[in-house]
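Worksheet: one structure, shown below.
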Amino acid sequence: MSTAGRFLTWTSPRHVPLPLPRPAGALWLVWRQHRVFYLATLALAALAGAWAAWQHHLLVTGVESYAGHCGPDPFCGRPVPDAVRTVLHRAPAVLNSLPLVVAALLGAPLFAQDIERGTHRLAWTQSIGRAEWVVAKLLVASAVTAVAALLITAPVSWWWSTVWHGRATTGSPGVAWRQLAAGNDWPFFEYTGTVGIAHLLLALLTGATAGLLLRRVVPAVAVGAAAAWALRTALRWLRPRLLPAGVRPAPTVDYPPLPPNTWHLGGGYLRTDGTLTPHAPCPSPYPGNPQSACLHVHGIRGPYTRDLRPAQFLPLHLAETALCLVLALVLAFVCVLCVRRVAAR
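Numbering that gives the first Met the number 0 puts the first residue of the sequence shown at 0, with every later residue one more than the last.
Written out as structure tokens, the structure is:
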């Protein structure tokens with residue numbers, strides 16, 4: 000073969016090595032540093048999501064079996080399916096611990112571990128500034144938390160949707176759902192859809208801020224978990240106040256029956272002048288007079304209920320999601336500001 004032929008063969012596109020892009024930068028450095036822990040977190044979340052999806056199957060099967068056995072009789076004496084107890088009674092206790100776990104195990108060591116060991120100095124000497132270091136760590140940890148939260152909240156949202164549609168169903172299935180899944184307190188609200196992801200992101204930022212301020216892992220774990228619990232408690236108190244609750248008067252002295260999936264917030268008595276009072280003016284009827292006469296004497300028109308209706312679920316969901324994300328952004332800004340106080344040497 001001639002020299003020209005060999006040259007043409009060597010320079011053929013099939014033989015020219017193409018340089019492949021290599022991951023680099025602060026984000027890749029942060030991922031490489033914590034990849035084992037993050038991958039384990041995602042694997043655990045995937046297992047939890049698979050278990051929750053299987054429980055959904057058991058829940059639907061159990062309620063259908065109950066409905067087929069009992070028919071329209073809600074009190075047929077058949078035992079409650081175990082999946083109903085697991086999903087509606089045992090699972091909420093586990094879900095309630097998720098923000099505390101995220102704040103303590105994912106958020107608190109995020110900065111405190113590097114600062115306590117002194118490894119943050121190495122990162123700052125490799126063309127990574129303090130702000131870039133904080134932002135990179137928060138972005139990677141937030142991405143992992145969001146994916147893990149999605150894996151868990153997706154089947155929980157499936158639970159929620161199935162229970163809601165079941166309660167509104169007519170016939171024997173609806174009777175079974177209303178009997179087995181009674182309640183109107185929206186127990187899974189903060190673990191469904193985007194609000195579930197936003198709650199866990201807020202917990203992550205809460206723990207991360209505690210770690211950056213305290214700079215020690217053990218105190219940051221304790222303070223981060225306590226702060227996440229306090230924030231969750233405050234948001235639960237604020238939730239029914241984010242939207243105006245509907246006031247519905249009753250035509251009789253008895254409380255009106257609530258539609259399925261209504262969140263009952265309280266009630267009281269409606270005066271004839273339109274004002275409300277939470278206290279009953281007639282704890283017992285007057286001797287010889289019915290209760291309605293007692294209420295008339297006190298100028299009471301009748302009872303009322305305050306509740307949030309199913310139609311308000313989506314607006315409330317979006318409002319609380321926005322609130323959690325705004326708080327998380329504020330904490331992220333606090334982290335960027337506070338990293339300037341950390342000594343570089």
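C-beta atoms are modelled at their ideal positions from N, C-alpha and C, and glycine is treated no differently.
Since we're looking at a predicted model, the values are computed, not measured.
C-beta atoms of L315 and L324 nearer than 8 Å: Position 316 of the sequence shown, counting from 1, holds the residue named residue 315. Position 325 of the sequence shown, counting from 1, holds the residue named residue 324. Taking 8 Å as the Cβ cut-off, L315 and L324 do not qualify as a contacting pair.
Write down the C-beta distance between T152 and T191 rounded to the nearest angstrom, noting that I regard them as a contact closer than 8 Å. Working through the sequence shown from its first residue, we reach residue 152 at position 153. Working through the sequence shown from its first residue, we reach residue 191 at position 192. Right, the Cβ-Cβ distance comes to about 6 Å (below 8 Å), so this counts as a contact.
Where does G67 land, buried or exposed, given buried means 16+ other C-beta within 10 angstroms? Position 68 of the sequence shown, counted from the first residue, corresponds to residue 67. G67 is exposed by the Cβ-count criterion.
Using a Cβ-Cβ cutoff of less than 7 Å, which residues in the same chain neighbour R215 once the five nearest sequence positions on both sides are dropped? In the sequence shown, counting from the first residue as 1, residue 215 sits at position 216. The beta carbon of R215 lies closer than 7 Å to those of A111 and E115 in the same chain, with the five residues before and after it left out.
Would you call the region 158 to 171 in contact with the region 228 to 241, where contact means no fewer than 3 C-beta pairs closer than 8 Å? no
Which residue from W30, L87 and T193 puts its Cα closest to that of V134? Numbered from 1 along the sequence shown, position 135 holds the residue referred to as residue 134. That would be W30, whose Cα lies nearest to the Cα of V134.
Extent of the continuous alpha helix (DSSP H) run through D272: As a working note, residue 272 is residue 273 in the sequence shown. Counting along the chain, D272 falls outside any alpha helix (DSSP H), and DSSP gives it neither H nor E.
If you run the structure through DSSP and keep just helix, strand and coil, what is G70? In the sequence shown, the residue the question calls residue 70 occupies position 71. Three-state DSSP puts G70 in coil, outside helix and strand.
Per DSSP, cross-strand counterpart(s) of V217: Residue numbering aside, residue 217 sits at position 218 when the sequence shown is read from its first letter. V217 is not bridged to any residue.
Check whether the region 264 to 278 and the region 317 to 333 are in contact - that is, three or more C-beta pairs closer than 8 Å. Remark: fewer than three beta-carbon pairs, one from each stretch, lie closer than 8 Å, so the region 264 to 278 and the region 317 to 333 are not flagged as touching.
For T304: DSSP bridge partner residues: For the purposes of this step, residue 304 is taken as residue 305 along the sequence shown, with counting starting at 1. In the DSSP assignment, T304 forms a beta bridge with R247 and G266.
Short of 8 Å in beta carbon distance, which residues of its chain neighbour G298, apart from the five on each side in sequence? Order them along the chain. On the sequence shown, residue 298 is found 299 positions in, with the first residue counted as 1. Around G298: R270, T271 and D272.
Tell whether a beta-carbon distance below 8 Å holds between V93 and Q54. In the sequence shown, the residue the question calls residue 93 occupies position 94. In the sequence shown, the residue the question calls residue 54 occupies position 55. Not in contact: V93 and Q54 (Cβ atoms no closer than 8 Å).
Let me make sure I understand the geometry here. Which of A25, A82, V62 and A39 has the alpha-carbon closest to that of A51? Position 52 of the sequence shown, counted from the first residue, corresponds to residue 51. It is A82.
Taking the C-alpha atoms as reference points, what is the distance between G301 and G266? For the purposes of this step, residue 301 is taken as the residue at position 302 of the sequence shown. For the purposes of this step, residue 266 is taken as the residue at position 267 of the sequence shown. The straight-line gap from Cα to Cα measures roughly 11 Å.
CB-CB under 7 Å to P98, same chain, minus the five flanking residues each way: which ones, in chain order? Translated into the one-based positions of the sequence shown, residue 98 becomes position 99. Closer than 7 Å at Cβ, skipping near neighbours: H198, L199, A202, A227 and R231.
When DSSP labels each residue in this structure, what does I151 get in the three-state scheme? Locating residue 151 in the sequence shown gives position 152, where the first residue counts as 1. Looking at I151 - three-state DSSP - the assignment turns out to be helix.
Nearest by alpha-carbon distance to E319: which of T161, V194 and W27 is it? Here residue 319 is taken as the residue at index 320 of the sequence shown, counted from 1. The shortest C-alpha separation from E319 is found at V194.
Please classify T261: is it buried, with 16 or more other beta-carbons within 10 angstroms of its beta-carbon, or exposed? Here residue 261 corresponds to residue number 262 of the sequence shown, with the count starting at 1. Buried, because 16 or more other Cβ atoms sit within 10 Å of the Cβ of T261.
Considering only C-alpha positions, which residue in the set T208, G128, L313 and T161 is nearest to L326? Locating residue 326 in the sequence shown gives position 327, where the first residue counts as 1. Looking at the Cα atoms, T208 is the closest of the given residues.
How is I299 classed by DSSP in three states: helix, strand or coil? Taking the sequence shown and counting its residues from 1, the one referred to as residue 299 is at position 300. Here I299 sits in strand by DSSP.
Nearest-angstrom Cα separation, counted from W176 out to H88: Numbered from 1 along the sequence shown, position 89 holds the residue referred to as residue 88. Numbered from 1 along the sequence shown, position 177 holds the residue referred to as residue 176. Going by the C-alpha atoms only, they are around 15 Å apart.
Have a look at W236 and G24 and give me their C-alpha separation to the nearest angstrom. Locating residue 236 in the sequence shown gives position 237, counting from the first residue. Locating residue 24 in the sequence shown gives position 25, counting from the first residue. Within the model, the alpha-carbon separation for W236 versus G24 is close to 42 Å.
Pick from P80, Y37 and R84: whose alpha carbon is nearest that of V139? Counting from 1 along the sequence shown, the entry for residue 139 is found at position 140. Among P80, Y37 and R84, the Cα nearest to that of V139 is on Y37.
If you draw a straight line from the alpha carbon of V220 to that of W132, how long is it in whole angstroms? Locating residue 220 in the sequence shown gives position 221, where the first residue counts as 1. Locating residue 132 in the sequence shown gives position 133, where the first residue counts as 1. Computed Cα separation, rounded: 21 Å.
Alpha carbon to alpha carbon, how far is L211 from R34? Give it in angstroms, no decimals. The residue you call residue 34 lines up with position 35 of the sequence shown. The residue you call residue 211 lines up with position 212 of the sequence shown. Cα to Cα, R34 sits roughly 21 Å from L211.
Tell whether a beta-carbon distance below 8 Å holds between G106 and P80. Along the sequence shown, read from residue 1 onward, the residue named residue 106 stands at position 107. Along the sequence shown, read from residue 1 onward, the residue named residue 80 stands at position 81. Cβ distance not < 8 Å, so G106 and P80 don't count as in contact.
Find the nearest neighbour of Y90 within the set S156, P78 and A103, judged by alpha-carbon distance. For the purposes of this step, residue 90 is identified with residue 91 of the sequence shown, where counting begins at 1. Position check: residue 90 holds Ala in this sequence, whereas Tyr was assumed. Out of S156, P78 and A103, S156 has the C-alpha closest to the C-alpha of A90.
Rounded Cβ spacing between G223 and A103 (contact assumed at less than 8 Å): Here residue 223 is taken as the residue at index 224 of the sequence shown, counted from 1. Here residue 103 is taken as the residue at index 104 of the sequence shown, counted from 1. Yes, they are in contact, since the Cβ atoms of G223 and A103 sit about 6 Å apart, within 8 Å.
Kindly indicate the opening and closing residues of the alpha helix (DSSP H) around Q178. Locating residue 178 in the sequence shown gives position 179, where the first residue counts as 1. Per DSSP, Q178 belongs to the alpha helix (DSSP H) from G170 to L179.
Output the distance between the C-alpha atoms of V329 and L264, rounded to the nearest integer angstrom. Taking the first residue of the sequence shown as position 1, residue 329 is located at position 330. Taking the first residue of the sequence shown as position 1, residue 264 is located at position 265. Distance between the alpha carbons of V329 and L264 is about 31 Å.
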